[in-house]
Amino acid sequence: MDLRIFTEPQQGASYDDLLRVAKATEAAGYDAFFRSDHYLKMGSADGLPGPTDAWITLAGLARETSRIRLGTLVTAATFRHPGPLAISVAQVDQMSGGRVEFGFGAGWYDAEHAAYGLTLPPLKERFDRYAEQLEIITGLWKTPAGSTYSFAGEHYTLSASPALPKPAQSPAPPVIIGGGGKKRTPALAARFADEFNLPFTDAETAAAQFARVEAAAAEIGRDPKEILRSVALVIAVGRSDAEVAQRASVIGRDVDELRANGLAGSPAEVVDRIGQWREKTGVTRVYLQLLDLSDLDQIDLVAAEVAPQLD
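Per this note's numbering, the sequence shown starts with residue 107, numbered consecutively.
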């Protein structure tokens with residue numbers, strides 16, 4: 107079971123905050139450090155000092171870490187043109203020595219689009235554009251060096267692109283797709299995903315969606331086992347009930363609610379909870395949503411007392 111640290115910097119974090127968490131993540135032995143890709147806070151957080159760009163952040167971390175995987179849950183297709191985005195991700199992959207994973211979604215948060223002058227198309231068009239972007243980005247990466255790439259779609263056209271630079275990973279960085287859509291999302295995952303992620307849901311809902319992805323893969327002749335299953339869950343892990351309650355309080359959550367919907371409680375409770383997830387859904391990777399980025403002790407606690415029991 108891979109454990110990854112997942113952060114939400116739009117809630118309030120500087121690059122230096124993220125660097126401290128990433129270095130702690132690497133030192134503690136985790137598989138990866140991931141971040142969201144948002145430009146506006148959510149809920150009651152103050153969001154200070156303001157948003158940080160996901161791929162600029164990861165470029166910096168690529169040079170200041172040496173082992174952990176780095177990626178997004180998930181980059182929004184509405185934020186960037188697919189050509190320049192393919193360049194950015196490939197460059198960060200080169201800068202990291204081949205440690206990037208590309209989480210990619212259609213985009214959804216209307217308030218951040220309004221706040222920064224971004225267009226959020228209606229849902230059908232959004233998914234049409236998203237599908238074309240997946241085709242383009244992976245197509246650019248996988249085009250052999252010395253060849254060119256062209257694409258003519260309803261929303262994007264590329265003509266004789268040199269399809270450079272190439273990522274360090276060959277043929278491309280792993281692509282992570284997620285979400286609860288019952289038709290188009292599983293179909294796109296079947297075509298493009300190396301990993302399918304379900305964030306902040308229950309095991310029964312997740313199992314049903316994983317089954318849809320498996321069926322979609324089988325329908326196009328792809329081995330469903332090629333698509334890794336993962337989940338993202340918020341954490342509040344403590345050595346005592348008081349420590350769990352304190353961690354829940356800092357992030358504005360109720361302990362009982364977190365026990366039901368996330369990973370909260372003692373290390374033993376969390377090990378058991380992850381075991382239940384594995385049994386019910388077949389997940390082999392968990393993204394631990396760390397909402398208090400000053401809480402490096404929780405990173406160490408989970409690494410020391412949860413991770414060793416999941417082998």
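Where is the CB? At the ideal position from N, CA and C, for every residue including glycine.
Reference residue i; option with closest CA among the options
i	options	result
A293	Q404, F233, A274, L124	F233
A266	G252, E114, G177, A278	G252
D300	K230, V281, D308, A133	V281
A309	G166, L176, W383, A196	W383
L402	P115, S120, V127	V127
S400	R110, L109, G118	G118
C-alpha gap between residue i and residue j, whole angstroms
i	j	result
G223	W214	14 angstroms
A314	G211	20 angstroms
I279	V206	Residue identity check: residue 279 is Pro in the sequence provided, not Ile. Roughly 6 angstroms separates the two Cα atoms.
D123	W161	16 angstroms
L164	S346	34 angstroms
A410	P373	9 angstroms
R353	G177	25 angstroms
A220	H261	21 angstroms
G259	T181	21 angstroms
Per DSSP, the bridge partner or partners of residue i
i	result
A370	A342
S267	Y255
E207	G177
P90	In the structure as shown, the chain starts at 107 and stops at 417, and residue 90 therefore has no counterpart that could be examined.
R141	T113, T178
Check: residue i C-beta below 7 angstroms from any heavy atom of the ligand FAD
i	result
T171	The ligand FAD is not among the ligands present in this structure, which contains no ligands whatsoever.
Run of the beta strand (DSSP E) containing residue i, from where it starts to where it stops
i	result
Y136	Neither: Y136 is in no beta strand (DSSP E) and is coded neither H nor E.
T113	108 to 113
L394	391 to 395
Run of the alpha helix (DSSP H) containing residue i, from where it starts to where it stops
i	result
G284	Per DSSP, G284 belongs to no alpha helix (DSSP H); it is in the beta strand (DSSP E), 281 to 284.
E411	402 to 411
L246	229 to 248
T158	Element bounds for T158: n/a, residue is neither H nor E.
G118	It is not in any alpha helix (DSSP H) - G118 carries neither H nor E in the DSSP assignment.
Min CB distance residue i to chain C below 8 angstroms
i	result
A251	Any reference to chain C falls outside this structure, which holds one protein chain only.
How do the segment 333 to 346 and the segment 361 to 374 stand: do at least 3 beta-carbon pairs fall below 8 angstroms, yes or no?
-> With contact defined as three or more Cβ pairs closer than 8 angstroms, the segment 333 to 346 and the segment 361 to 374 are in contact.
Count the C-beta pairs between the segment 185 to 205 and the segment 148 to 157 that are closer than 8 angstroms, then say yes if the count reaches three, no if not.
-> Counting Cβ pairs under 8 angstroms, fewer than three are found: no touch.
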